[in-house]
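A.B. asks: Structure in structure tokens, see below.
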Amino acid sequence: MSDTIHIEGIEPLLAKIKSLQELRPVVGAIKAAALHVKGKVAVYSEEKRPKEKRPTRASVYGSVFKTEKQRRYFFWALRKGEIEVPYRRGVSPGSQTFGRRWTIAMSNAGLTAKIGNNAGYGPLLMDSTRQSLYAKAVGWRTTDAILDEETETVTRLITYEVNRALEGRE
47 MSDTIHIEGI
57 EPLLAKIKSL
67 QELRPVVGAI
77 KAAALHVKGK
87 VAVYSEEKRP
97 KEKRPTRASV
107 YGSVFKTEKQ
117 RRYFFWALRK
127 GEIEVPYRRG
137 VSPGSQTFGR
147 RWTIAMSNAG
157 LTAKIGNNAG
167 YGPLLMDSTR
177 QSLYAKAVGW
187 RTTDAILDEE
197 TETVTRLITY
207 EVNRALEGRE
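Residue numbers (the working numbering): 47 to 216.
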């Protein structure tokens, strides 16, 4: 009886395991890049503009209410306590705390990071195709614009770690 076991094709498997171990710093860089981008998208855009210089809904849309039905609903919801004027972020009814709802989901052994927000009104604030005129007027940047601005930083973070891994440094 022999005290060794020979497994056909083990060398490629061992090489893959070693390469996955070398990816650990890259996975860390991807997570760091995702955290960086999350920090950029979670900023409330209108906070950067002085309150007295912010446009009003009437100045953006031409009138406060577009229809009589919209006006009636507003005052009904106000009486019922479903909305509050002035709106207080995070406190008023209907607030979904948009800024605190940003999350990161890692997948593909840590090689993919997805940043998302599940607030129902999120697309009206930051989606490039569904952003409201008012959100645009008060200065909300779209997620696409932020990603475009941060691509160079993210690429630099990840490239640095990939190069370190390839050179065998940790």
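Glycine included, each C-beta is placed from N, C-alpha and C at the ideal position.
Just so you know, these numbers come straight off a predicted model, no measurement behind them.
With DSSP run on the structure shown, which of helix, strand or coil describes residue 162?
C.D. replies: The residue you call residue 162 lines up with position 116 of the sequence shown. Strand, per DSSP.
A.B. asks: Between the C-alpha atoms of residue 209 and residue 154, what's the straight-line distance to the nearest angstrom?
C.D. replies: On the sequence shown, position 163 is the one that residue 209 refers to. On the sequence shown, position 108 is the one that residue 154 refers to. One C-alpha to the other measures close to 20 angstroms.
A.B. asks: Just grab the DSSP bridge partners of residue 148 for me.
C.D. replies: Start at 1 with the first residue of the sequence shown, and residue 148 comes out as number 102. 163, per the DSSP bridge assignment.
A.B. asks: Can you tell which of 140, 172 and 179 has the C-alpha that lies nearest to the C-alpha of residue 101?
C.D. replies: The residue you call residue 101 lines up with position 55 of the sequence shown. When only C-alpha atoms are compared, the closest one is 179.
A.B. asks: With residue 198 as the anchor, note down where its alpha helix (DSSP H) starts and where it stops.
C.D. replies: Mapped onto the sequence shown, residue 198 falls at position 152. 189-213 is the span of the alpha helix (DSSP H), which, as asked, contains residue 198.
A.B. asks: What are the boundary residues of the alpha helix (DSSP H) that residue 179 is part of?
C.D. replies: In the sequence shown, residue 179 corresponds to position 133, counting from 1. Start and end: 179-184.
A.B. asks: Bridge partners for residue 174 per DSSP, in chain order?
C.D. replies: Counted from its first residue, the sequence shown places residue 174 at position 128. According to DSSP, residue 174 bridges with nothing at all.
A.B. asks: Considering only residues of the same chain and omitting the five flanking positions on each side of residue 87, which have a CB-CB separation below 8 angstroms?
C.D. replies: Taking the first residue of the sequence shown as 1, we reach residue 87 at position 41. Answer for residue 87: 148, 161, 163, 172, 189 and 192, listed in chain order.
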